[in-house]
Amino acid sequence: MNLKINKADILIVDDSVIFSQGLVSLLEQYPDYVSSIQVAHNYEQALKILATAMINTLILDLNFESDDYNGFIIAKKVKSLYPKIKIIILTQEAKIDNYEVLFKEIDVDGYLDKQLGIEETLGALTAIMNNKKYIDKNIKAMLEIGKWLNISRREKDVINLLSQGLTQKEIAYNLNISNRTVETHIKNLTKKMEARNTPHLVSIYSQYKNGNRENGYTF
Numbered sequence: 001m002n003l004k005i006n007k008a009d010i011l012i013v014d015d016s017v018i019f020s021q022g023l024v025s026l027l028e029q030y031p032d033y034v035s036s037i038q039v040a041h042n043y044e045q046a047l048k049i050l051a052t053a054m055i056n057t058l059i060l061d062l063n064f065e066s067d068d069y070n071g072f073i074i075a076k077k078v079k080s081l082y083p084k085i086k087i088i089i090l091t092q093e094a095k096i097d098n099y100e101v102l103f104k105e106i107d108v109d110g111y112l113d114k115q116l117g118i119e120e121t122l123g124a125l126t127a128i129m130n131n132k133k134y135i136d137k138n139i140k141a142m143l144e145i146g147k148w149l150n151i152s153r154r155e156k157d158v159i160n161l162l163s164q165g166l167t168q169k170e171i172a173y174n175l176n177i178s179n180r181t182v183e184t185h186i187k188n189l190t191k192k193m194e195a196r197n198t199p200h201l202v203s204i205y206s207q208y209k210n211g212n213r214e215n216g217y218t219f
C-alpha cells in the first residue's frame with residue numbers, strides 16, 4: 001500500500017547558504033510534496049520563524065559554526081516547544097551515539113545522509129508526514145558497520161561460528177568456553193544488533209558480511 005502524500009511546510013536550518021539554497025531549488029520542483037519552504041541559517045532565525053510561520057517539518061543540519069549551539073540543541077528545543085513538528089536530520093557523519101541521542105532522547109523523525117538523491121528525500125518526507133520514522137539506506141549501512149566494529153573479539157568468534165551452522169555446544173567446544181558463556185555472548189549480540197532472535201541475528205550478520213566484504217570490513 002502506498003503512503004498518502006501529505007504536503008510539508010518546511011523550514012531548512014543550515015548555516016551553509018549554498019547547500020540550503022540548492023535544497024530549496026530542488027524541493028520547489030516537487031509541489032505535490034511541498035507546500036512552502038523557508039530557510040534559517042542559525043538558531044535565533046529558526047526560533048523566530050517557528051514562532052510566526054506555519055511549519056510542520058524541520059530539515060536540520062547537525063553541525064554549525066558556533067560554540068553556543070548545534071543541531072542536537074536546536075532539535076531538542078524545537079521538540080520541547082513544538083512537539084508536533086517533524087524533524088529530519090541531515091548529516092555527513094553517521095554515528096551510533098548520534099543515532100541513540102537523536103531517536104531515543106530527542107525523538108526526531110528522520111535521519112538522512114547529505115549525499116542522498118531526491119527520490120529518497122521525497123520518500124523521507126512522505127514517511128514522516130504519515131507519522132513513520134525514516135533512516136536512509138546509507139546511514140543504516142554505516143550504523144550496521146559501527147555496531148559490528150564495536151563488538152568484542154570473543155563475540156566476533158561466536159557469531160562467526162554461529163553463522164557457519166555450529167550449535168552452542170559445538171561453539172563452546174571450539175572456543176574452549178562454557179555453554180553458558182556462549183549463551184551469554186549470543187544474548188548480548190542479539191541485544192546489540194536489535195535482533196528478534198538467534199536466526200535473525202545470523203541473518204543480520206550475513207547481510208553485513210555480504211554487503212561490506214569488498215569495503216575492507218573483515219573479522
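Those letters in the sequence shown? Residues 1 to 219, per UniProt numbering, in order.
Every residue gets a Cβ at the ideal spot worked out from N, C-alpha and C, and that includes glycine.
Being a predicted model, the structure only gives us computed values, none of them experimental.
Pull up the CB-CB distance for residue i and residue j, whole angstroms please, since I reckon it's below 8 Å.
i: residue 109; j: residue 87; result: 5 Å
i: residue 13; j: residue 61; result: 7 Å
i: residue 220; j: residue 129; result: Since the first and last residues shown for the chain are 1 and 219, residue 220 lies out of range.
i: residue 113; j: residue 151; result: With a Cβ gap of about 24 Å, residue 113 and residue 151 do not count as contacting.
i: residue 50; j: residue 78; result: 7 Å
i: residue 76; j: residue 106; result: 5 Å
What residues in its chain sit with their C-beta under 7 Å from that of residue i, if we drop five residues either side in the sequence?
i: residue 157; result: 175
i: residue 193; result: 147, 201, 204
i: residue 182; result: 158, 168, 171, 172
i: residue 46; result: 11, 13, 40, 74
i: residue 260; result: This structure cannot speak to residue 260, because the chain is shown only from 1 to 219.
Can you list, in chain order, the residues of its chain whose CB lies under 8 Å from that of residue i, leaving out five sequence neighbours each side?
i: residue 222; result: It is not possible to answer for residue 222, since the shown part of the chain is limited to 1 through 219.
i: residue 123; result: 134
i: residue 214; result: Its pLDDT being 35, under 50, residue 214 is placed unreliably by the model, and the measurement read from it follows with that caveat. For residue 214, where only same-chain residues beyond five positions count, there are no Cβ hits under 8 Å.
i: residue 73; result: 43
i: residue 20; result: 12, 14, 39, 41
i: residue 28; result: 34, 37
i: residue 67; result: none
i: residue 111; result: 88, 89, 91, 94, 99, 102, 103, 134, 135, 136, 139
Among residues of its own chain, excluding the 5 on either side of residue i, which ones have a beta-carbon nearer than 6 Å to its beta-carbon?
i: residue 149; result: none
i: residue 218; result: Any reading at residue 218 needs caution, since the residue's pLDDT is 38, under 50, leaving its predicted position unreliable; the model's value is listed next. Result list for residue 218: empty, nothing under 6 Å.
i: residue 200; result: none
i: residue 205; result: 159, 163
i: residue 69; result: 43
i: residue 185; result: 155, 158
i: residue 6; result: 129
i: residue 190; result: 201
Tell me the DSSP bridge mates of residue i?
i: residue 134; result: 110
Does residue i come within less than 9 Å of chain D when only Cβ atoms are used?
i: residue 83; result: The structure shown contains no chain D; it holds only a single protein chain.
Complete beta strand (DSSP E) runs within the UniProt domain "Response regulatory" (9–129) (minimum length 3 residues, chain order): Fully enclosed beta strand (DSSP E) runs of 3 or longer: 34–40, 57–61, 86–91, 110–113.
Let me know the alpha helix (DSSP H) ranges lying completely inside the region 143–188, each 4 residues or longer, listed in chain order. DSSP runs (the alpha helix (DSSP H)) wholly in the region 143–188: 153–163, 168–175.
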